[in-house]
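Just so we're aligned, residue 3 is where the sequence shown starts under the working numbering, counting upward by one.
All C-beta atoms, glycine included, are put in the ideal place defined by N, C-alpha and C.
One structure is given below, encoded as structure tokens.
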Amino acid sequence: MKKLAYFTLAISLSACSSTTVINSDPNGAMVFLNGEKAGVTPYMYTDTKIIGSTNTVLLKKEGYQDFSTVFSRNENANVGAIIGGVFVLVPFLWAMDYKPSHSYEMVPLKGAANQ
3 MKKLAYFTLA ISLSACSSTT VINSDPNGAM VFLNGEKAGV TPYMYTDTKI
53 IGSTNTVLLK KEGYQDFSTV FSRNENANVG AIIGGVFVLV PFLWAMDYKP
103 SHSYEMVPLK GAANQ
């Protein structure tokens, strides 16, 4: 019984986080997540938010139009969380993950000399 408890705890804790890579074409765009500066593309994002949580992404690069989008934590099933949820209901809150990557093509500004 003790081993089952440790197994369930391990599955529950490992299933909580989800990671995605935010890419842009061209690379090197500034990434703003939920209104805060986060880094530069390609950017690896990890969180422990629950299923259905959304993130607002804004990409900025000189010579290109700003690009804004939203992605949600409901894109891929998390098998570990589903198995953990069979034993303890709480992991079902993390039963979905982000896609492994999100790629966005930026549009050049008219008349701008792109680098």
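Less than 8 Å between the beta carbons of residue i and residue j, yes or no?
{"i": "residue 71", "j": "residue 36", "result": "no"}
{"i": "residue 103", "j": "residue 27", "result": "no"}
{"i": "residue 63", "j": "residue 108", "result": "yes"}
According to the neighbour-count rule (16 or more other Cβ atoms, all chains shown, within 10 Å of its Cβ), is residue i buried or exposed?
{"i": "residue 110", "result": "exposed"}
{"i": "residue 20", "result": "buried"}
{"i": "residue 46", "result": "exposed"}
Determine the closest residue to residue i out of the options, with distance taken between C-alpha atoms.
{"i": "residue 56", "options": "31, 25, 99, 43", "result": "99"}
{"i": "residue 24", "options": "52, 65, 61", "result": "61"}
Please report how far the alpha carbon of residue i lies from the alpha carbon of residue j, in whole angstroms.
{"i": "residue 73", "j": "residue 113", "result": "31 Å"}
{"i": "residue 68", "j": "residue 54", "result": "25 Å"}
{"i": "residue 33", "j": "residue 101", "result": "18 Å"}
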